[in-house]
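Engineer: I have a structure I would like to understand better, so I am pasting it below and will then ask my questions one at a time.
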Amino acid sequence: MARKRVASGTEWESKVGYSRAVRVGDRIEVSGTTATDESGEVVGHGDPGEQARVAIGNVESALLEAGSGLGDVVRTRLYVTDVDDWEAIGRAHGEAFEDVGPATTMVEVSGLVDPAMLVEIEAIAVVEE
318 MARKRVASGT EWESKVGYSR AVRVGDRIEV SGTTATDESG EVVGHGDPGE QARVAIGNVE
378 SALLEAGSGL GDVVRTRLYV TDVDDWEAIG RAHGEAFEDV GPATTMVEVS GLVDPAMLVE
438 IEAIAVVEE
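Per our numbering, the very first residue in the sequence shown carries number 318; after that it's consecutive.
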């Protein structure tokens, strides 16, 4: 089965040995994705809702490159540094996935790779081959 890798172009992909997303057959797995811009800088400092929106936009970009979109997402996982931010993050998730309704999990973690990051999102999509 063919394997398609999607890269975001950051230096960390080769250093750590991962891809932004991987498509195998009808399944696309998107790595944990944060609110960063094209240069890798954190966007939305101090605003968990904005960070969730930007992270979802980055997930969408990876899905589009893999031949999919947000409408094909069947699962999301949200890692948050403060579970008290659940409403703002959940609202952003709901805006993106209201009509899709993927299975989802939100868990609080002690920290992400950069202290300015408040949320990291993974996604799984299933598309027709």
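Quick reminder that beta carbons are idealized off the backbone N, C-alpha and C, glycines included.
Are there 16 or more other CB atoms within 10 angstroms of the CB of Thr350, so buried, or fewer, so exposed?
Structural biologist: Under this definition Thr350 is a buried residue.
Engineer: Figure out for me which residue from Ser331, Thr327, Ala442 and His410 has the closest Cα to the Cα of Gly388.
Structural biologist: Closest option to Gly388, Cα to Cα, is Ala442.
Engineer: Below 6 Å CB to CB, which residues in the same chain sit around Arg340 once its five sequence neighbours on both sides are set aside?
Structural biologist: Excluding sequence neighbours, Arg340 sits near Lys321 and Ala383.
Engineer: Going straight from the alpha carbon of Ser348 to that of Asp416, what length do you get?
Structural biologist: Spanning the two alpha carbons is a distance of roughly 23 Å.
Engineer: Exposed or buried, which one is His362 when buried takes at least 16 other CB atoms within 10 Å?
Structural biologist: Counting Cβ neighbours within 10 Å, His362 comes out exposed, since fewer than 16 surround it.
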